[in-house]
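*Asks:* Got a structure here, written out as structure tokens. Questions coming.
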Amino acid sequence: MSPKKAHYSGFTLIEMVISVAIISILMTAIASAILLTSKAIPSQDSPGDAALKATKALARLNEELQSVRFFTEATSTAMTIIVPDQNGDGDAEQIRYSWSGTAGDPLVRTLNGSVNTENVVASAQSVDFSYSMDDVSELFTDLGGETARLVFRHVRSVYVRIKLDTGDVNNVETAILHLNSPPILDAVHELDFDTNPVTTDADANGIADWSTADSSVFDTATLTDGVWDVGTDLVTSPQYDFGGVTTLWARMAATTSGNVGPIIRLNVDSAVTGGPISAWLKLETDGTQTLHVSEHTGGTRTDLITANRLPAGFIDLRLIVDSATDRINVRVNNVDIGTYSFNRENLATFGKVVRLREGAAGGRFDFVRIYSGGTVKR
Ligand SMILES: [Ca+2]
Ligand SMILES: [Ca+2]
Ligand SMILES: [Ca+2]
Ligand SMILES: [Ca+2]
């Protein structure tokens, strides 16, 4: 019997049908896998991609908000924060997040004025920064022995919510708790004299906060161990009104006797008329120091207060100046010596500055710190 189909090597019809069926099942499976994979890699404009980018932007914002020294802006659509040096140049960093208020506009992050601007969220339907705040207040002696309070708002936490689409589906949000409760201030001018004062940029807006009054080069030989042996006058820069409430802390000493030593000239509320206030120290021949705080009227300086028989060496001074009521509170070596009314006059010739200088005798400053902002409550 010949093996009729022994050499047969083709497929039967049944085998062919089964093969085609298996191949088509496999093809479908492979196609599905490819489809799934392509869905997993978001396209440039997909909602998932926008959410991912916004989440990354919020993660960075969250990180930056952890280390805020102070806020200079805190509204529902804009926030300006000052954080410690991040790029190693020794200056703080100013970071601003803002949204125009128009649906579809980006959330913009600006670094140090306008050094670096980027749209961290390409398109937002809405952006909402909300803050929980604490009022931190300190009592001081007002006119007539009454009590007043100097109040600064401090940020305890910030809640950020960004709506990415017109529905209520694609939202990103984060909450940041501030363990150090940074204050909200309008402006800060401070000097510790550890580095060249005319390169100091405490508010990190890219503009030096102080300059020499005559635009000469600052003599760094006048700095020793964080103390300035006063040379050429320093003035705040650029021009600033010092309106509202101005609080100034300084540590200064008169170093040679017989005449006026270190002087702080504070031209308060310089927009039109304001108070040209001076605070200065004199080293007496008996080795004590006298503090004078004076006002200015028609070309003449008049003492508002003098504090006698202060010890030699550094004196701690704090001034709270309220331009709404033309009053100045004076505290010397942590003793509140009262509040006084000062005269207002045209400040056009005085300049919108705080000026640090010395009289005919020598003077030194250890630090000067000026906070513009806060309120006085009575
Ligand atoms: Ca820096
Ligand atoms: Ca600055
Ligand atoms: Ca110092
Ligand atoms: Ca000097």
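The working numbering numbers the first residue of the sequence shown as 612 and each following residue consecutively.
Each residue gets a CB set at the ideal place from its N, CA and C atoms; glycine is no exception.
Considering only the alpha carbon of each residue, which of Asp745, Gly778 and Val738 lies closest to His765?
*Replies:* Asp745
*Asks:* Compute the minimum distance between the beta carbon of Asp852 and the heavy atoms of ligand 4, and state whether it is under 7 angstroms.
*Replies:* no
*Asks:* Would you tell me roughly how many angstroms separate the C-alpha atoms of Ala890 and Asn870, rounded to the nearest one?
*Replies:* 14 angstroms
*Asks:* Which same chain residues, not among the five before or five after Asp803, have their C-beta less than 7 angstroms away from its C-beta?
*Replies:* Gly837 and Phe978
*Asks:* Quick one, what's near ligand 4 if you take every residue whose CB is closer than 6 angstroms to any heavy atom, in chain order?
*Replies:* Asp840, Val841, Gly842, Glu969 and Gly973
*Asks:* In chain order, which beta strand (DSSP E) runs of at least 3 residues are fully inside the stretch 646-707?
*Replies:* 681-685 and 689-694
*Asks:* Roughly how many whole angstroms lie between the Cα atoms of Gly854 and Asp779?
*Replies:* 43 angstroms
*Asks:* Do Arg772 and Asp739 have their C-beta atoms within less than 8 angstroms of each other?
*Replies:* yes
*Asks:* For Pro873, does the three-state DSSP call read helix, strand or coil?
*Replies:* strand
*Asks:* Name the one or two DSSP bridge partners that Tyr851 has.
*Replies:* Answer is none; Tyr851 lacks a bridge partner.
*Asks:* Does the beta-carbon of Arg920 have 16 or more other beta-carbons within 10 angstroms, so that it is buried, or is it exposed?
*Replies:* exposed
*Asks:* Can you tell me where the beta strand (DSSP E) with Asn730 in it begins and where it stops?
*Replies:* Asn727 to Val732
*Asks:* Take Arg720 as the anchor and find which of Thr758, Asp840, Ala714 and Val731 has the nearest alpha-carbon.
*Replies:* Val731
*Asks:* Is the beta carbon of Thr901 sitting closer than 8 angstroms to the one on Thr917?
*Replies:* yes
*Asks:* Suppose the cutoff is 6 angstroms on Cβ atoms and the five residues either side in sequence are ignored; what does the same chain contact list for Met612 look like?
*Replies:* Reliability fails at Met612, whose pLDDT of 43 lies under 50, so the model's placement of it is uncertain and no value is given.
*Asks:* Is Asp700 near ligand 2, judged by its Cβ being under 7 angstroms from some heavy atom?
*Replies:* The answer is no for Asp700.
*Asks:* Excluding the five sequence neighbours on either side, which residues of its own chain have a C-beta within less than 8 angstroms of the C-beta of Thr843, listed in chain order?
*Replies:* Thr823, Ala824, Asp825, Ser827, Phe829 and Asp830
*Asks:* May I ask you to check if the CB of Phe681 is nearer than 7 angstroms to at least one heavy atom of ligand 6?
*Replies:* Absence of ligand 6 from the depicted structure is noted, with ligand 1, ligand 2, ligand 3 and ligand 4 being the only ligands included.
*Asks:* Classify Glu757: buried if its beta carbon has 16 or more other beta carbons within 10 angstroms, exposed otherwise.
*Replies:* exposed
*Asks:* For Ser905, list the residues DSSP reports as bridge partners.
*Replies:* Ser889 and Asp914
*Asks:* Thinking just about the alpha-carbon of each residue, which of Asp820, Gly924, Glu801 and Ala786 is nearest to the one in Thr899?
*Replies:* The shortest CA-to-CA distance from Thr899 to any of Asp820, Gly924, Glu801 and Ala786 is the one to Gly924.
*Asks:* Closer than 7 angstroms: is that where the CB of Val838 sits relative to any heavy atom of ligand 3?
*Replies:* Answer for Val838: yes, Cβ within range of ligand 3.
*Asks:* Using alpha carbons as the reference points, say which of Val856, Thr847, Leu676 and Thr686 lies closest to Ile787.
*Replies:* Leu676
*Asks:* Are there any heavy atoms of ligand 3 lying less than 7 angstroms away from the beta-carbon of Asp739, as far as the coordinates show?
*Replies:* Every heavy atom of ligand 3 is 7 angstroms or more from the Cβ of Asp739, so no.
*Asks:* With distances taken Cα to Cα, identify the nearest neighbour of Lys988 among Leu750, Asp814 and Trp839.
*Replies:* Leu750
*Asks:* Would you report the Cα separation of Glu906 and Ser983, rounded to the nearest angstrom?
*Replies:* 20 angstroms
*Asks:* Under the criterion of a Cβ to heavy atom distance below 7 angstroms, does Asp803 qualify as lining ligand 2?
*Replies:* no
*Asks:* Taking 7 angstroms as the cut-off, is the beta-carbon of Asp696 closer than that to any non-hydrogen atom of ligand 2?
*Replies:* no
*Asks:* Please go through the stretch 739-814 and give each complete alpha helix (DSSP H) segment of 4 or more residues, from N-terminal end onward.
*Replies:* none
*Asks:* Distance check for His903 and Ala971, CA to CA, integer angstroms please.
*Replies:* Roughly 15 angstroms separates the two Cα atoms.
*Asks:* Can you list, in chain order, the residues of its chain whose CB lies under 7 angstroms from that of Val809, leaving out five sequence neighbours each side?
*Replies:* In the same chain as Val809, and ignoring 5 residues on each side of it, the C-beta atoms closer than 7 angstroms to its own belong to Ala819, Trp821, Ser822, Thr823 and Phe829, in chain order.
*Asks:* Residues near ligand 2, CB to any non-hydrogen atom under 5 angstroms, in chain order?
*Replies:* Asp812, Asp814, Asn816, Ile818 and Asp820
*Asks:* Ordered along the chain, which non-local residues of its own chain (more than five positions away) have a Cβ less than 7 angstroms from that of Pro849?
*Replies:* Ile818
*Asks:* Whole angstroms are fine: how far does the CA of Thr986 sit from the CA of Arg966?
*Replies:* 23 angstroms
*Asks:* According to DSSP, is Gly974 part of a helix, a strand, or is it coil?
*Replies:* Strand at Gly974.
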